[in-house]
Amino acid sequence: MTVIKLTNSKTRKKEVFEPIDPNNVRMYVCGPTVYDRAHIGNARPVIVFDVLYRLLRHVYGAEHVTYVRNFTDVDDKINKKAQDTGRSIKEITDETTQWYLDDMRAVGALDPDQMPRATEFIGAMITMIEGLIAGGHAYEAEGHVLFSVESYKDYGKLSGRSIDDMIAGARVEVAPYKRNPMDFVLWKPSSDDLPGWDSPWGRGRPGWHIECSAMSYELLGESFDIHGGGNDLMFPHHENEIAQSCCSHPKGGFARYWLHNEMLQVEGKKMSKSLGNFFTVRDLLDGHDGMPGVPGEVIRFVFLSTHYRKPMDWTAEKAEQAKATLRRWRNMVGEIETGVDYGRADEAVVDAVANDLNTAQALTELHRLESEIQNVYNRIIGFGSEYDGPEPGVLEAKFIASANLLGLLTPELGGWEETGVDLTAYADHLFALRQSAMETKNFSAVDAMKTALLEAGVEVRMSKTGVELEPGPNFDAAKLEGLL
Ligand code: AMP
Ligand code: ZN
């Protein structure tokens, strides 16, 4: 069986992954707060953990993996949006949830098995808070319930900080009713114009952190395998989740492996609205500010070319290169059909992904497979009917299966590469001209045809064995007239 290694933020080590129950491997990833379109940074954890999900399904079997990602649909940012726009909260959260699903599917993310909404689990949160109060880990003050960080001896262990350091470094709002400035809110009162639920502490709403503790417990149990999210969530969100869950269920231990992706930047700078380099996944897909749209598969490829634990830089240039590579790959393998089993992925690709999600290495291995396939075609052309090497179709199936492990070359993400222009006749003609030129040693007809194609905006690639033509960005079909 494939050995999976993951860097565990909890131990700060790369460890061999051993699931609690190989028949039910469980992963929880913190999802979005649904008040606006996801920006492209938000797509990074989605794509990273989608690759991990695909790997786990590959190794343990699709029916033996449970992936939960929540929607935070109760939050002050949502309340503010409703006040600013005069729209109802439900309208805003429903619309944003659907946008999120559409955008993440467009970059090839599989839907998690469960996508709980916080508002569906308020009862479970209240129960957990009651237990924390009973256990001496939380206290009520002025309609709020606060978690007492001093009641949990390991508080700060994940992010490696002591409570004193946190107080010194943090700009925390020190409410007078807090016993310790780092104590955080589990429950807070709601005025009549805000969403609220009846609770033992009056009408109110939950704090953010408690929702992940309650939902992961309800859906995955008191201990499960993997917990993921961006590294900006490590403190305070994940630290607080651990404190709540471990104090509620001390025997459970909560998540065993913690994975954190690094942040994404744009053209070398932190994304920010004032720098004008902030854009949403939808902006990128549809095109924005005069820039053409980028296919979801291309976005995905660019993301995978940087290891998840390194900062990644989104650049237009990387997108151009990724697009050219993917177009070449899709042209090479032809139509990819839904429901077809393309067999097993290449070992080296699986091993790269299993090695702490080394997707950059996996892409390198795909390039190697591409050259193998090209070599086979070259030999077929060279040897003609005497060729007795491997079937290119078999290698291509393996290539597709390997790319699929990364969520690339799937039927769902295809279609963008079709130009609607068939240049085969021109390629055959140019090839024939060249064959005769090799005999006559007069290449003028070949050069003339090539120049005319280039003028029509066609990209021409000639090798010893063949001719490849593709319409480039300045393609003009009218200029092809009379060339055959
Ligand atoms: P939020 O809605 O801000 O809680 O973020 C949702 C997810 O996106 C979290 O896992 C964040 O860690 C992640 N995230 C936010 N900004 C970035 C970024 N610039 N790069 C990578 N991940 C990010
Ligand atoms: Zn969370």
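No gaps in the numbering here: position 148 of the sequence shown is 148 in full-length UniProt numbering, and each next residue is one more. Where is the CB? At the ideal position from N, CA and C, for every residue including glycine.
Inset, instruction - Flag this pair as yes or no: are the beta carbons of H58 and L405 separated by less than 8 Å? - result: yes
Inset, instruction - Verify the contact flag: C247, CB atom, against every heavy atom of the ligand AMP, threshold strictly below 7 Å. - result: no
Inset, instruction - Pull up the distance between the alpha-carbon of G202 and that of V145, whole angstroms please. - result: 11 Å
Legend entry - Beta carbon of T93 nearer than 8 Å to that of D36: no
Inset, instruction - Can you give me the Cβ contacts of G296 inside the same chain, cut-off strictly under 7 Å, excluding the 5 residues immediately before and after it? - result: A106, V107, G108, L285 and L413
Inset, instruction - Under 8 Å Cβ to Cβ from A425, same chain only, skipping five residues before and after it: list those, please. - result: L484
Legend entry - Local conformation of W329 per DSSP, three classes: helix
Legend entry - Any residue whose CB is nearer than 6 Å to a heavy atom belonging to the ligand ZN, listed in chain order: C30, C212, H237 and E241
Inset, instruction - Below 8 Å on the Cβ atoms is my guess for N70 versus A118; work out the distance and round it to an integer in Å. - result: 7 Å
Legend entry - Three-way DSSP call (helix, strand, coil) for D313 in this model: strand
Inset, instruction - Return the CA-CA distance between L423 and H429, expressed in angstroms with no decimal places. - result: 10 Å
Legend entry - Closest Cα partner of L480 within the set V460, E455 and V467: E455
Legend entry - Contact test: D283 Cβ vs the ligand AMP heavy atom, cutoff 7 Å: no
Legend entry - Spatial distance of V3 from S274 (CA atoms): 45 Å
Legend entry - the stretch 380–387 in contact with the stretch 326–337 per 3-pair CB rule at 8 Å: no
Inset, instruction - Determine the direct distance from the alpha carbon of V458 to that of A477, and round the result to whole angstroms. - result: 9 Å
Inset, instruction - Work out the CA separation of F431 and A437 for me, nearest whole Å. - result: 10 Å
Inset, instruction - Determine the contact status of G228 and F17, defining contact as a CB-CB distance below 8 Å. - result: no
Legend entry - Nearest candidate by alpha-carbon position, reference F254, set N277, F278, Y217 and P236: Y217
Inset, instruction - Work out the CA separation of I20 and R26 for me, nearest whole Å. - result: 9 Å
Inset, instruction - List the whole-angstrom C-beta distance separating V281 from A319, where the pair is believed to meet the contact cut-off of C-beta under 8 Å. - result: Actually they are not in contact, since the Cβ atoms of V281 and A319 sit about 13 Å apart, beyond 8 Å.
Legend entry - Beta-carbon gap between E11 and D356 smaller than 8 Å: Here residue 11 turns out to be Thr, not Glu, going by the sequence shown. No, these two residues do not count as a Cβ contact at 8 Å.
Inset, instruction - Please determine, among Y257, T33 and F301, the residue with the shortest C-alpha to C-alpha distance to E15. - result: Y257
Legend entry - Given M271 as reference, the closest of V34, A38 and L219 once Cα atoms are compared: A38
Inset, instruction - Let me know the beta strand (DSSP E) ranges lying completely inside the stretch 227–302, each 3 residues or longer, listed in chain order. - result: 254–261 and 264–266
Inset, instruction - Tell me whether P45 counts as near the ligand AMP, meaning its Cβ is closer than 7 Å to at least one heavy atom of that ligand. - result: yes
Inset, instruction - Out of A397, E396 and A134, state which residue places its alpha-carbon closest to the alpha-carbon of P200. - result: A134
Legend entry - Whole-angstrom distance between F475 and D113, CA atom to CA atom: 44 Å
Legend entry - C-beta atoms of S248 and L132 nearer than 8 Å: yes
Inset, instruction - Give a single yes or no on whether L484 has its beta carbon closer than 7 Å to a heavy atom of the ligand AMP. - result: no
Inset, instruction - List the endpoints of the continuous alpha helix (DSSP H) containing T440. - result: T424 to T440
Legend entry - Expected contact under 8 Å - CB spacing of A141 and Y100 to nearest Å: Between Y100 and A141 the Cβ distance is about 35 Å, and since that is not below 8 Å, they are no contact.
Inset, instruction - Could you please give me the residues that DSSP links to Y139 through a beta bridge? - result: L146
Legend entry - W208 versus Q244: straight-line alpha-carbon distance, rounded: 12 Å
Inset, instruction - Kindly indicate which three-state DSSP category W416 falls into: helix, strand or coil? - result: coil
Inset, instruction - Use the C-beta contact count for K80: other C-beta atoms within 10 angstroms, 16 or more gives buried, fewer gives exposed. - result: exposed
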